[in-house]
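Position 225 of the sequence shown, counting from 1, maps to 532 under my numbering, and the rest follow consecutively.
Note that the Cβ used here is the ideal one computed from N, Cα and C, for glycine as well.
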Amino acid sequence: MEDGSPSQTALMVAVLRAHHCHLAPEPKILQDTTALPLSGMADLEAVKDYKNGVIEFFSGLSSREVAESFVQQITDSVCMRSRLVEERLAKAREQGLEQLVILGAGLDSTAYRCADQLARIPVFEIDHPATQQWKKARLTECDIKLPENLQFVGFDFENQTLAEALEAGGVRSDAVTMFTWLGVQMYLTPATVQATMSVLGQFQAGSQLIMDFAMPDATHPDEDLQDPVGELNRVVSQMGEPFESTYTEQELEACLKEAGFSDVSFYTAGRILDSFIEGNRDICSVPDEACFLLAATI
């Protein structure tokens, strides 16, 4: 990460959400009109050019067609995980949710695209101060109002523990909390992942965590994509952000239960589509084997 700018992977994810919002056919997995201004892209032509550049990153695959398909699956995965957060957030509000904590927020747009839904709930974005600095400047530049209930909490892994950062930022451990932790686990060491889970597991009963993860030796139904996680790691490593850890479902469930979570539920793409998007498989290219999402409850 360069000082005063978001990580390259955070930028990529925001651009892919913007591409989906403005250029994907209806119906869409996710409506995220804030993704384009957050990304810093000048216009939709810049978004198209950026996505084409991402496809070029995957040019080591067997063909341009396979690279395009894989990047589309990444795009749909990014949107699907945010849609899962939206849907579980709506249900959690009905069940007494008291605060939302976005871990490793990057250019996450939940606090802005769901501002009305979150109006009475404290929201905390936890991230490196450099990313927060760039993000706040970009929001101001684009006239996107910062919600009054939003708090930015700077967190530096080298100089502070997560528990200290949350306490200093005003996050209440005695409140029913939803944590989102998207696109982060794979860039952390196993020790840091476990330490983070241990902090979250001490929160009020009924709190929940939504996260995605990278799975070792993941398979794919497309014979040209037999090592999807390895291929993605190759590309993000070129961006200077290599994976530091991977987990099987069994390993993650064991880590979460050791940390204090009692229920761990893994999502397939089909389950998400059936639950929230009327089972429309045509709008999502992600096969079930390539969907790495879970929700865990204390």
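Taking a cut-off of 8 Å for Cβ pairs, the segment 504-515 and the segment 469-488 touch, as three or more such pairs fall below it.
DSSP, read as helix, strand or coil, puts Tyr574 in strand. DSSP places Ala444 in the helix class (H, G or I) of the three-state scheme. In the three-state reduction of the DSSP assignment, Leu407 falls in the strand class, which pools E and B.
Between Gly577 and Arg588, the alpha-carbon positions lie close to 8 Å from each other. Sorting Gly537, Tyr574 and Ala502 by C-alpha distance to the C-alpha of Leu563 places Ala502 at the top. Val542 and Lys443 have their C-alpha atoms some 28 Å from each other. Rounded to whole angstroms, the separation of the alpha carbons of Glu372 and Gly413 is 30 Å. Annotated three-state conformation of Met518 is strand, per DSSP. For Phe364, there is no enclosing beta strand (DSSP E); the enclosing alpha helix (DSSP H) has its first and last residue at Leu351 to Phe364. Here Gln458 carries a strand assignment [DSSP, helix/strand/coil]. Distance from the Cα of Asp519 is smallest, within the candidate group Ser572, Val361, Arg420 and Ala472, for Ser572.
In the three-state scheme derived from DSSP, where H, G and I count as helix and E and B as strand, Phe377 is classed as helix. With a beta-carbon spacing of about 6 Å, Leu391 and Ile517 fall inside the 8 Å limit used to define contacts. With distances taken between CA atoms, Phe459 lies nearest to Ala472 out of Ala472, Ile451 and Asn466.
Note that the C-beta distance between Arg395 and Leu600 is not below 8 Å. By the neighbour-count criterion, in which a residue is buried when 16 or more other Cβ atoms sit within 10 angstroms of its Cβ, Pro332 is exposed.
The C-beta separation of Ala566 from Ser505 comes to about 5 Å, placing the pair in contact by the 8 Å criterion. When Thr316, His435, Lys335 and Cys421 are compared, the shortest CA-CA separation from Cys386 is found for Lys335.
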